[in-house]
Every structure is written in structure tokens, then in C-alpha cells.
């Protein structure tokens, strides 16, 4: 720990006074005079760098005040008569920042540009999503004139595997004279990222602050009692200083004693004792010590106490209302409770309301009621019920609210403002709130330390933990912040300590060339220069740095290989050749075993693809074991997953993981034409038909479909090869060596090390020019489809279809362009155009993907068929070119969008779907964004452009229109 500075000498005081006087005359001096607080050292350092004309990368904990640096960049731009753009990763953050800046500088000075909202876009200060700026750069927009500064908030978002590449595109393509202020959460490789920025943007200063202005204390809530996570008074900053790497390693191993020894702090012994007691309880319960009566009591207790996972705990978990009440008693409100489920957030509010919890005074209730009613005054009264307005309002009056992506944007904005003003005291939120939305709290609660990522339940990372708990502690209001983890059965205090002590995480690029990016680069710079630009990406920068270390490893392994080769020398013959025969024999025998397994898998897949609607099957395992009736086939997928209905009326898809071998129908039933899987009565009637068919013993499907179910492929050629290799092995001179097995051991080491070394060499080759190689493959696909044309001289040019692709931005950019090219939009009316656009933007959750619905019209059915066929062909091309596959068109939004475009009421639109109102609004806005792109494509057929504009006017109404700026 550094010692306190001594008293300043007169000369030091004079010099400091002169520096302050000189600074007062600068832009920074004028800026600081406008603030109500003094700048922190890292803020001052970053602002001085910007004032000196350099770029900055500022990495600091959540809540440390990074945005002040961005605001100074805006101040500099205005003072110098230049423009400033403030970019954010999400629309909600753009809306919030726009409101803040408009209040500070006046609405005439500030604009907002998101995918579906345009307000004062030519203002000197414009807040926008990063995608909008990327699109401007590729289009050569006039709005870029006089641009002096770009603030990239939450720049660590470039690690996002879906959208992260956009940040790199912007950084690479911005004009060199533009200064960039990059604001990031604390990342462990800030210097590496800064070095890349220095390479592509010119001189960039890296300013890293590890200090939290408001100390953060870590706790665990055991029952209704809040217990400190660490023994003694250990704050967040002190934990990091104690050596985060040691803690992370030991926490994963559960070695809390080692944590104490190495890191200088220890986990609270009370929590460790609790974990031991829980472990002993489960051990005794599992093995039933104590005789029959005791075992029966254990079993009853286990049924009463154990959750679905089966682990019991001596602690009765506090309910959500009890948790909030405990926090209220300890003066730890306002609090944000993170629940990784939208339904869980809504249920938490309902539970607190049902428990009679009130956190507001009568005066606060009056203010809340007035502000809520003002926000809702433009919402049609007949929409209020379907939006859940009254229950939402009731929760707010009590000081309770949910916050998640399924809510109407207007509702979310009200919650945010009421929470910031201290009127809402408890918010139950999903993790999206942690992404930049300014809602600091006194306390943050984490219900669980795992979440569902769309495919499986995974533990949250140390970076995610830091991001979530970083909301605790309001600067200028709270003396300290508090993070509380709820004790769950099976909680490991050492693992929690590991998460709490690792405050940084690496920033890794997710950059890859897309079709739109590649064709824009070729159009602007030509192919050779485009390759050079892509090789300047952060992804390639990281890959090139890693190659240096790999090459060093290869050199060391080559030296070891020479020694192993000498040790396996045999006086009877070439042992290397003998060793090769041994390995070839082993590999052939393994291949024979795998070939049988592959053949069985192939036949199983074939059996699944042959199933027809009406087939009754007996599913042996998976999520839907037992009898089920096939509702729809899946002939064309690479891994067929036919849709079925179980006898308890559950709709599922079955795949390879549900069966142990080929699946043959055991009988058949007729599915009525009027069958609707969403209607419970239809499902009950069909289940009854299946039971009757099984009772009557109806014959199975015709034999021509069943005769080769389960037939395996023979492997005669491989067996012949194995026999030949065994003969050669016995005939080799080294086979009779007395030291054969000793040589063989050295040989095995040599082969193993050779394989590892070759793998490292392949990594080096793969990482060298990897981005440019991907770009070459993308250009190959574009050429094959006629978007790029090669002249006789070998130069690439953009075809008319390619010019259209340049203006289409989205994950399905090439599929959208192909759909236009093949006339999928030509025979549709405006409502059908909106519905077809939804097919090209909507992404259903994995569990929501069900049967293909019947389309609202014949023309739309034909258009969807065109899109699906083209997607299937494109996927084959992408697979053969080793490119990421374009996502499958999703039909789940077709009917809601079509009904909405036809003017139906919101309740009717959402009826029979799992869409929340907020989700519906969000997807409609994305549809509007795509339609707007299409309408503005130069050279597009006038009728299609007109229909796209008309479709926008049809869907931009009601809840979509009045939440357009939110």
C-alpha cells in the first residue's frame, strides 16, 4: 500500500496553481466548470488525450463514470464547430442517451437515429445504434460531413458473436481525421485492444481504471439472513488487489483454504460450515443410515425439502417477497433482482403484490400514478388490458416492477425513470438491463448463478457477474453498494468467491466477413485493397499475435521429436515403418467400429425422415418418451426432427437424442383436415384416436416403408484391409525384436508428439490470413450467384444485383437479395409483403419452433416456398464453401404481422401465440427496418418499392407507433 503524500512545498503549490490556471483557459477547463463534481484522475487523463487530438480507450468498472469522457468528446465537437456521433449497442440505451443529451444541450442540437426512428438526423450531435453508423459509412452518407468525434459506448460488445463485427467495421472504416473515444467495461486485454486501435486509428491512449468510486460489498442471503461472503471487512477493490488469478483457479477447485493462504482473504467460515452441513445431510439421506424408520423419515423430508434437482439444504429458502422485505428492513433498497427469465420477473412482481408488500408512501403513490397515467394517455383504452397495464400500474404504485425485453418499450422507459428517481424500490430484471441502461441501485440480488443460454443451462461467467453486480452503488447517493447472492441447495461459497473476485474478462473478436460487408468493400476499394483492410481487423490482429507463441512451441517439440526418434531405433530394421503399420492397423480397427456406429446413425436418421403424419411411434427416451403420433414430417433437414404429439397432448420434436436406433411406426391414425395443434380439443380428440388404434391393434404402415428400417451397412473392404495389415505386421523384421515393446513405447510418444506438433502447424496456417481466406470464399459465393462479375482482365466489378445487395443489412442479407431477385415479393399485396418480410427477420426461440402454419393466402404460400427453397440451396453452397450457414426462415410471425397489417386489434393478433406485447413491437420494428431498406434500394422495381412503403404505413400504427421513440 502506498504511503500518504507529505505536505507540498511552496514551489509545488505554485506549479499546481499555474497548471490549474492554464487548464482553466482550455476546453477541458470550460467543460469542468459545467460539472457539479470534480473529475476522477482517469477521467481527466482521458479528456486531456482527446483535447490533444488523440483517440482513447477507457476501460473502467460499471458505474465508474466512463460516459463523462464521451460527453467531453461531444463538448469538444460543439466548441470546434464539428459533429459528434454517440453510438450504443441497443436502442434502449440510445433512447436514454438521447434524452440525457437533449436535456443538456437542447433538442435542436441533438438527434436520434435507430433502425426505426429518425429524429433530427442532421443535428451536430446524433445518438445512434452502431449498425446505423456502419450503414452510413458503406452508403457514403452526406451526414458524415464535418464529423469530428465518435463515441463508441460499450465497445466490449464487439465480442458478441452475432453483432460484434459491426464495431470493428466502424472502427476500420471511419475517416482517419475522426477521433474515436471507446468506452469499455474492465477487460483483461485492454492493452492488446488499445494496440490494435493504435494500428488502425493512429495514436490511441489506453486508460484503465480498476477503482470503483462506490465500494462494493459481497454477501450471501441464507434464508432471510444476509451473511458476508468474505471473512472480515473485504471490499471489491481489496479482493482484486489480493490476486484475482489465484482466487479464480482455487475457487474452481473448491479449495477455500488455499484461497486464504494465497490471496490474503478467506471465505466466511459460517458459509463453509453451512455447505459442509448440507453435503452431510445429502450423504446421509442418500445412503439411508439409521434404520428403516429413520430412512422413511429421510425420504419424507427429502420429498418435502428437495427441489427438482434433488439436493436438500438445512436452510429454508426465502421467498421473493421475504427477500425484498429483508432488504427493506436493512435499508438496502432500491434493489435490482436479476432473474434469468421474463416469466420469472413477472411472477416475482405478482408474488410481492399477493404478499401485500408496499414499499411506497402515499405521496410517492400519487406521483407514480400521475406519471404512469401521463405515459399511458396516448395508448388506446382497448389496448390497456392486453398490455397488462392495470397489473403493471398496481405493481408500480407499490414500488415494484419488472424489466425485460418482453415489455412494451414505453413501459420499460417509465420503470427506468421511476427507479432512477427513487420511486420504484424493487425491480426484477433479466440480464439485458445490465447492458448499459443507466439504472444504478443500492443493492443487486442474483437469484441464481446459472442461466439458460438458448441451448443449455450454463454457469454465468466472472465477466457477467461483474457486469450484473456493477449496478450496485449509486455515485453521489450511496456510501457503499451491496451484491447479494441467494443461497440455493448446492451452493459452493468458494465458487461464488471466485466469481466475485475476478473482475475482468478477455475481449475476443467475433469479426468475420459477411456478404454485405464483402461486396461493399469490393465496390469501394477493389478486391486487393479489401483483403488488406480485412487483415487489419482485430480478429486478425489477435490471430497474428497468437502465432508467435505457437511457433515457439513448434520449435521446442521438433527438438523433442529428434530425441524420441533416436530412442526407438531398432537393429533389426526400420522401426518407424513397423510403427506405422501398427498405427494403421489400430486406426482400421477403430474405423470398423465407428463405421458400424455411423451406419446405425444413418439408418436411424433415415427412419426419422420417413415418418409420415399419422404414424404412431413408441419413443424410447428424451423429453417425450412413450407413444406419440407424428404431426408433420421432416424430410429435408440434415438431422430430421419430425413434430409429434404425445398422448398427454404435449407438442414436441423428436430427434436422434430421443431414440436408440431406427424408429418404425407401430400403427397409423388419420389426422383430420380440420386438426389444429393449438386447439386443446383437437389434441384431445387425436390422442383418443391413437388410444383406440392401439386397442384395436390396427396394422402398421405399408411394408414398403418398413422393410429396410434398421438395416446396417456392411464393411467388407475394411475387414479385408485389417487382415492384410496383420499379415504385413507379422512379416516385418522388427516384429521379432526382443526390445520391440520398449521401442514401441518410444514410438507411441513420437507419434503422439508428432500429431500435436502437426496440429500446432495447422493452427499457424489456419490463423495466417484467416480473415482474408474467408473473404475469398465469400467472394466465390457472390461470384457464383452473379453478384460479382470478372472482366477479361481479371478485375472484379459489381453487377446490378450486387448493387442491390450493398443496401441490404441483416443476418440473412444474401437470402433477402435472392428473394427479391427471384420475384418472391412480386405477386403480393402490402399486407403480404409485411408478412414475407417477417420470415426474413424473425428468430423464434428453439422451443417455439413448431409445425409449419398454413399461409394466409395462396400467393404468400408460393412466396414463402420460394424463400425456403432458396435458403436450402444457399445452405448447401455455404456448407461446401465452409462458410457460416444462413439462418432458417422462420414462419412464426407471419400470421400476427399479417393480421396487424390488416388492421386487427392487438388482442386478436396476439391470441394463440406465445408473443409478449413487447416482443411483438420489437419484431414489427425490425420488419419496418427491413421494409425501409428495401424501399430505398436504388433501381428496385417501382411497384415493389411502393408496396414496401405501403406495408410500413400499415404496420406502423397503435402500440408500434406510440412506442416508436421509446
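In the working numbering, the protein residues as written are 146 to 1111.
Cβ coordinates follow ideal geometry from the N, Cα and C atoms, glycine included.
Mapping DSSP to helix, strand and coil, what is residue i?
i            : result
residue 182  : coil
residue 335  : helix
residue 281  : helix
residue 514  : helix
residue 591  : strand
residue 604  : strand
residue 880  : helix
residue 376  : coil
residue 573  : strand
residue 264  : strand
residue 1022 : helix
residue 521  : coil
residue 619  : coil
residue 802  : helix
residue 760  : strand
residue 853  : Low confidence applies here, because residue 853 scores a pLDDT of 43, under 50, leaving its location unreliable; read the following figure in that light. DSSP places residue 853 in coil when its eight states are reduced to three.
residue 317  : helix
residue 370  : strand
residue 344  : helix
residue 596  : strand
residue 586  : strand
residue 773  : strand
Quick check: residue i and residue j, are their CB atoms within less than 8 angstroms of each other?
i           : j            : result
residue 916 : residue 680  : yes
residue 207 : residue 612  : yes
residue 543 : residue 504  : yes
residue 957 : residue 1037 : no
residue 703 : residue 902  : yes
residue 502 : residue 470  : yes
residue 927 : residue 961  : no
residue 817 : residue 760  : no
residue 590 : residue 624  : no
residue 273 : residue 230  : yes
Please list the terminal residues of the continuous alpha helix (DSSP H) segment that includes residue i.
i           : result
residue 611 : 607–614
residue 474 : 465–474
residue 627 : Taken as a continuous stretch (DSSP letters only), residue 627 belongs to no alpha helix (DSSP H), being part of the beta strand (DSSP E) at 626–631.
residue 790 : Premise fails: residue 790 lies in the beta strand (DSSP E), 788–791, not in any alpha helix (DSSP H).
Please go through the same chain and pick out, in chain order, the residues whose beta-carbon is closer than 6 angstroms to the beta-carbon of residue i, but skip the five residues on each side of it.
i            : result
residue 255  : 246, 247, 268, 270
residue 468  : none
residue 292  : 228, 323
residue 327  : 202, 297, 300
residue 1100 : 979, 1045, 1046, 1069
residue 1105 : 1066, 1069
residue 572  : 481, 546, 548, 564
residue 724  : 892
Output the boundary residues of the beta strand (DSSP E) element that contains residue i.
i            : result
residue 826  : Counting along the chain, residue 826 falls outside any beta strand (DSSP E), though it belongs to the alpha helix (DSSP H) covering 825–841.
residue 481  : 480–483
residue 297  : 292–297
residue 326  : 324–329
residue 1042 : First-last for residue 1042: 1039–1046, but that is the alpha helix (DSSP H), not the beta strand (DSSP E).
residue 362  : 361–367
residue 255  : 255–258
residue 350  : 349–353
Leaving out the 5 sequence neighbours to the left and right, which residues in its chain are closer than 7 angstroms to residue i when beta-carbon positions are compared?
i            : result
residue 786  : 779, 798, 799, 800
residue 1097 : 1073, 1076, 1077
residue 829  : 794
residue 765  : 804, 805
residue 931  : 944, 946
Who are the Cβ neighbours of residue i in its own chain at under 8 angstroms, not counting the five residues just before and after it?
i           : result
residue 777 : 758, 787, 788, 996, 997
residue 475 : 371
residue 397 : Reliability of the predicted coordinates at residue 397 is poor, the pLDDT of 38 falling under 50, and no value is obtained from them.
residue 855 : Residue placement at residue 855 is poorly supported in this model, since its pLDDT is 38, which falls under 50; the coordinates are not used for a value here.
Under 8 angstroms between C-beta atoms, does residue i make it to chain C?
i           : result
residue 958 : Given the protein chain composition of this structure (a single chain), no chain C is represented.
Ranges of the alpha helix (DSSP H) found wholly within the stretch 902–957, counting only runs of at least 4: 915–929, 945–950
query: At what residue ranges does the stretch 198–245 contain a whole run of the alpha helix (DSSP H), taking only runs of 4 or more?
result: 212–225
field: Continuous alpha helix (DSSP H) assignments of at least 4 residues falling wholly in the stretch 520–554
entry: 526–529, 534–542
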